[in-house]
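Novice: Just so you know, the protein sequences line up as chains A and B, in that order. Going by the UniProt record's numbering, the first residue of the first sequence is number 1, and it counts up by one from there. Going by the UniProt record's numbering, the first residue of the second sequence is number 1, and it counts up by one from there. First the structure, which I've put down as structure tokens, then a few questions once you've had a look.
Protein chains: 2
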Amino acid sequence: MSKLDESEIIKIFQRKLGNKNSEDVEIFKLKQNIIAKTDTLVQSTDIPPKMKLGEAARKSVVACVSDFAAKGVKPQYGIISINFPSNISRSKVEEAATGFRKACSEFGISILGGDTNAGKEIVFNVCLFGSAEKIVPRNGSESKDLIFATGPFGYTGAGLSILLYKKKGKREFVAKAIKAVTHPKPRVDFGVKNKRYFTSSMDSSDGLSTTLNEMAKQSKKKFVINNSPHKKDLGEFAKSNQDNLVFHGGEEYEFVFTINPKHKKTILKNAKSLRTPIIEIGYVTTGKGVILQRDNKDIPLKDKGWKHFR
Amino acid sequence: MSKLDESEIIKIFQRKLGNKNSEDVEIFKLKQNIIAKTDTLVQSTDIPPKMKLGEAARKSVVACVSDFAAKGVKPQYGIISINFPSNISRSKVEEAATGFRKACSEFGISILGGDTNAGKEIVFNVCLFGSAEKIVPRNGSESKDLIFATGPFGYTGAGLSILLYKKKGKREFVAKAIKAVTHPKPRVDFGVKNKRYFTSSMDSSDGLSTTLNEMAKQSKKKFVINNSPHKKDLGEFAKSNQDNLVFHGGEEYEFVFTINPKHKKTILKNAKSLRTPIIEIGYVTTGKGVILQRDNKDIPLKDKGWKHFR
């Protein structure tokens, strides 16, 4: 019995269902365009030790919000489906419900309903809806565009290695890294405000290398990365593992976008006023693939981000 | 640690989220009314022995379609979220995908996308969308209205007792009862075609007694049931347990509706032309609660339908 990875499973479904959409969100017409996105958080896979159930509930909302942010759309409504083990305690249910309530208030989402089910483990499935005339595509970048990421990257991977594998680090760094796992901040205001300047964009939560490769591939361009979007303290913690944490982690809930250079000043100004950290990481050129440029050497940056079923 | 039943969990969520919708489907406005409904099928809870994965996939779609049918709305689009154990085989994935494809083709639904996840057990979460100016409410019945159910009822409960507890029965009956579990038929054409005649309606898949009690309560009326919607062969199988199977089972994916008596002839004619079996089961009157009228005696029919976490 051969093990399948996620992309194989998706391919089977796409083939069977005739669905070829490969965007961050679903877009469909019922007179106007409704934007929808679903995401599932599973206890055994997605909730590391020490993460509270309320934080997990919020994170299951964040995972969807982040895709909306990348597309420049504000989510307005949501449906939540929940599985709990049949012996779940009232306090755990309260904790989850509170997490959802706070998250919905934080992001201005009205929950329409959903369903609850008994199952072997906790599962949170969130489906969010918004509306827009159009979305920023993954495939719109042009040669000479600048590549930006909201960020920084690497803390989430560091946090997971601390929570899952008890890796040690400086106290202040450990707190910051764990918070990146338990309380990620999607950049929805920045996305909505600046979408008109983006030639392309994509949520990075499957990993920065996965995101950059997908964007380059869909645009039929080469992405040259000459600046790694991390902060100094990551280097002290990660040592030789730094690129791995920055480019091949995942669950950052940041996004990558490309702009025409003429909009750089505006974007930087808007980022400052919204207090959203953004980092210029490279540029688009003719060719294909993703190149990491370092010390005047070109290193191919392969897609090695997060996959379920790997 | 006290065990919670589903209604308690729902109440906690409704309180926390400020969501008081108690309809079969979610209705929300994004310029026009989009109708949405989500339902989750969990392996350990909802897939009995001998039920194939393709049948389970179809049933997870049916569970949503049935709610649309009751509201007189045709579902048009869907999003599917799936959890599989990480050692799932390709053939199982194919089987599930085929089940979804066939179900979507059967009901004319386009799948927009979704997500796949690793988990301890199989979970199918389906969210469907349609559009309508308004829906048939649960609370619209008037005194003297007639109460109908699409049907018949009882086969599903019988089928589950055969599959789960190895109860014996006549060969032909056993086949029919198992098919009711593995291949339920939601009555979406009948619902869409006749919605204008319904004063109220509700999907019955949580159990007929639950449905009748909810409709009576929401309409602030008494529902008098003088005809049990079952066929003779159920009586032979069930013996003294017959009422239990008919009224307190669940997962029938039929629906209950009320009409003004003047529309009875039209409804019967439409049912015949659509080959949808419908059964007149009683009438609406002033008062409250649900009464089962039998041999000139009035027996209260309590809400004893299906609940998760019971």
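Think of the CB as a built atom: it goes at the ideal place given N, C-alpha and C, for glycine as much as any other residue. Owing to the predicted nature of the structure, the values given are computational and were not obtained by experimental measurement.
Measure the C-alpha to C-alpha separation of residue 178/A and residue 204/B and round it to an integer number of angstroms.
Specialist: Working through the first sequence from its first residue, we reach residue 178/A at position 178. Working through the second sequence from its first residue, we reach residue 204/B at position 204. Their backbone Cα atoms lie some 46 angstroms apart in a straight line.
Novice: Since residue 161/B and residue 34/B should fall inside the 8 angstroms C-beta cutoff, what is the C-beta to C-beta distance between them, to a whole number of angstroms?
Specialist: Counted from its first residue, the second sequence places residue 161/B at position 161. Counted from its first residue, the second sequence places residue 34/B at position 34. Incorrect: roughly 39 angstroms between the Cβ atoms, too far for contact.
Novice: At a CB-CB cut-off below 7 angstroms, which residues of chain B make contact with residue 114/A?
Specialist: Here residue 114/A refers to the residue found at position 114 of the first sequence. The contacting residues are 38.
Novice: Taking its Cβ as the centre, do 16 or more other Cβ atoms sit within 10 Å of residue 77/B, making it buried, or is it exposed?
Specialist: By one-based count along the second sequence, residue 77/B stands at place 77. Residue 77/B comes out buried.
Novice: Considering residue 113/A, what are the terminal residues of the beta strand (DSSP E) in which it resides?
Specialist: In the first sequence, the residue the question calls residue 113/A occupies position 113. Counting along the chain, the beta strand (DSSP E) containing residue 113/A begins and ends at 110-118.
Novice: Could you work out which residue in 69/B, 233/B and 291/B is closest to residue 200/B when comparing CA atoms only?
Specialist: Walking along the second sequence from the start, residue 200/B turns up at place 200. Residue 200/B has its Cα closest to that of 69/B, out of 69/B, 233/B and 291/B.
Novice: Can you find at least 3 beta carbon pairs, one from the segment 140-152 of chain A and one from the segment 83-98 of chain A, that sit closer than 8 angstroms?
Specialist: Cβ pair count under 8 angstroms is below three, so no.
Novice: Classify residue 175/B: buried if its beta carbon has 16 or more other beta carbons within 10 angstroms, exposed otherwise.
Specialist: Start at 1 with the first residue of the second sequence, and residue 175/B comes out as number 175. Residue 175/B is exposed by the Cβ-count criterion.
Novice: Can you have a look at residue 297/A and say buried or exposed, based on whether 16 or more other CB atoms are within 10 angstroms of its CB?
Specialist: By 1-based counting over the first sequence, the position of residue 297/A is 297. That one is exposed.
Novice: Please say whether residue 150/A and residue 303/A have beta carbons closer to each other than 8 angstroms?
Specialist: What you label residue 303/A is simply residue 303 of the first sequence in a count that begins at 1. What you label residue 150/A is simply residue 150 of the first sequence in a count that begins at 1. It is not a contact, given that the beta carbons lie outside the stated cut-off.
Novice: Since residue 234/B and residue 155/B should fall inside the 8 angstroms C-beta cutoff, what is the C-beta to C-beta distance between them, to a whole number of angstroms?
Specialist: For the purposes of this step, residue 234/B is taken as the residue at position 234 of the second sequence. For the purposes of this step, residue 155/B is taken as the residue at position 155 of the second sequence. Their Cβ separation, rounded to whole angstroms, is 7 angstroms, which keeps residue 234/B and residue 155/B in contact under 8 angstroms.
Novice: Would residue 104/A pass as a contact of residue 62/A if the rule is Cβ separation under 8 angstroms?
Specialist: Within the first sequence, the letter at position 104 stands for residue 104/A. Within the first sequence, the letter at position 62 stands for residue 62/A. Contact flag unset, no.
Novice: Compare the Cα-Cα distances from residue 100/B to each of 79/B, 265/B and 88/B and report the closest residue.
Specialist: If you number the second sequence from 1, residue 100/B lands on position 100. Minimum Cα distance to residue 100/B is reached at 79/B.
Novice: Starting from residue 269/A, follow the alpha helix (DSSP H) in both directions and report where the run begins and ends.
Specialist: Here residue 269/A refers to the residue found at position 269 when the first sequence is read from its first residue. Start and end: 264-273.
Novice: Per DSSP, which residues does residue 39/B bridge with? Please list them.
Specialist: Counted from its first residue, the second sequence places residue 39/B at position 39. Residue 39/B is bridged to 126/B.
Novice: Is any beta-carbon of chain B found at less than 8 angstroms from that of residue 151/A?
Specialist: Translated into the one-based positions of the first sequence, residue 151/A becomes position 151. No, residue 151/A lies away from the interface with chain B (no Cβ there is under 8 angstroms from its Cβ).
Novice: Please list the terminal residues of the continuous beta strand (DSSP E) segment that includes residue 54/A.
Specialist: Mapped onto the first sequence, residue 54/A falls at position 54. Element bounds for residue 54/A: not the beta strand (DSSP E) but the alpha helix (DSSP H), 53-71.
Novice: Contact between the segment 35-47 of chain A and the segment 124-140 of chain A: three or more CB pairs below 8 angstroms?
Specialist: Taking 8 angstroms as the limit for Cβ pairs, the verdict is that the segment 124-140 of chain A does touch the segment 35-47 of chain A.
Novice: Can you tell me where the beta strand (DSSP E) holding residue 83/B begins and where it ends?
Specialist: Residue 83/B sits at position 83 when you count from the first residue of the second sequence. Counting along the chain, the beta strand (DSSP E) containing residue 83/B begins and ends at 77-84.
Novice: Give me, in chain order, the residues of the same chain whose beta-carbon lies closer than 6 angstroms to that of residue 263/A; leave out the 5 immediate sequence neighbours on both sides.
Specialist: Mapped onto the first sequence, residue 263/A falls at position 263. Once the five neighbours on either side are set aside, the close Cβ partners of residue 263/A are 197.
Novice: By a C-beta neighbour count over all protein chains shown, 10 Å radius and 16 as the cutoff for buried, is residue 117/B buried or exposed?
Specialist: On the second sequence, residue 117/B is found 117 positions in, with the first residue counted as 1. Buried, by the Cβ-count rule.
Novice: Determine, using beta-carbon pairs with one atom in the segment 218-236 of chain A and one in the segment 280-293 of chain A, whether at least three such pairs fall under 8 angstroms.
Specialist: As far as the Cβ criterion goes, the segment 218-236 of chain A touches the segment 280-293 of chain A, which means the pair count is three or higher.
Novice: Where does residue 50/A land, buried or exposed, given buried means 16+ other C-beta within 10 angstroms?
Specialist: Position 50 of the first sequence holds residue 50/A. Its Cβ having fewer than 16 others within 10 Å, residue 50/A is exposed.
Novice: From 221/B, 45/B and 43/B, pick the residue whose C-alpha is nearest to that of residue 286/B; which is it?
Specialist: The count along the second sequence starts at 1 and reaches residue 286/B at position 286. The shortest Cα separation from residue 286/B among 221/B, 45/B and 43/B belongs to 221/B.
Novice: Taking residue 215/B and residue 256/B to be in contact with their CB atoms under 8 angstroms, please state how far apart those CB atoms are, rounded to whole angstroms.
Specialist: Counting from one through the second sequence, the residue named residue 215/B turns up at place 215. Counting from one through the second sequence, the residue named residue 256/B turns up at place 256. That pair is a contact at about 6 angstroms.
Novice: Along the chain, where does the beta strand (DSSP E) containing residue 200/B start, and where does it finish?
Specialist: The residue labelled residue 200/B in the question sits at position 200 within the second sequence. Looking at the DSSP string, the run of the beta strand (DSSP E) that includes residue 200/B is 198-203.
Novice: Run through DSSP, which three-state label would residue 313/B get?
Specialist: In the structure as shown, chain B begins at 1 and stops at 310. Residue 313/B is therefore absent and cannot be evaluated.
Novice: Could you please give the first and the last residue of the uninterrupted alpha helix (DSSP H) stretch that includes residue 238/B?
Specialist: By 1-based counting over the second sequence, the position of residue 238/B is 238. Counting along the chain, the alpha helix (DSSP H) containing residue 238/B begins and ends at 232-238.
Novice: Using only alpha-carbon positions, find the residue among 224/A, 260/A, 112/A and 252/A that is nearest to residue 195/A.
Specialist: The residue given as residue 195/A occupies position 195 in the first sequence. Among 224/A, 260/A, 112/A and 252/A, the Cα nearest to that of residue 195/A is on 260/A.
Novice: Which residue's Cα is closest to the Cα of residue 107/B: 275/B, 165/B, 183/B and 74/B?
Specialist: Here residue 107/B refers to the residue found at position 107 of the second sequence. Out of 275/B, 165/B, 183/B and 74/B, 74/B has the C-alpha closest to the C-alpha of residue 107/B.
Novice: Tell me the DSSP secondary structure of residue 90/A in three-state form.
Specialist: Here residue 90/A is taken as the residue at index 90 of the first sequence, counted from 1. DSSP places residue 90/A in helix when its eight states are reduced to three.
Novice: Quick one: is residue 1/A near chain B, going by C-beta distance under 8 angstroms?
Specialist: To locate residue 1/A, count along the first sequence from 1; it is residue 1. Only weak support exists for where residue 1/A lies, its pLDDT of 37 falling under 50; the value from the coordinates is given anyway. Chain B contact via Cβ: present.
Novice: Compute the Euclidean distance between the alpha carbons of residue 186/B and residue 47/A, then round it to the nearest angstrom.
Specialist: Here residue 186/B corresponds to residue number 186 of the second sequence, with the count starting at 1. Here residue 47/A corresponds to residue number 47 of the first sequence, with the count starting at 1. Rounded to whole angstroms, residue 186/B to residue 47/A spans 37 angstroms at the Cα level.
Novice: Residue 45/A versus chain B: which residues are under 8 angstroms apart at the beta carbon?
Specialist: Locating residue 45/A in the first sequence gives position 45, where the first residue counts as 1. Correct list: 117, 118 and 119.
Novice: From the DSSP output, read off the bridge partner residues of residue 210/B.
Specialist: Looking up residue 210/B in the second sequence gives position 210. Paired residue(s): none; residue 210/B is not in a bridge.
Novice: Under 8 angstroms between C-beta atoms, does residue 34/B make it to chain A?
Specialist: In the second sequence, the residue the question calls residue 34/B occupies position 34. Yes, because at least one Cβ of chain A sits closer than 8 angstroms to the Cβ of residue 34/B.
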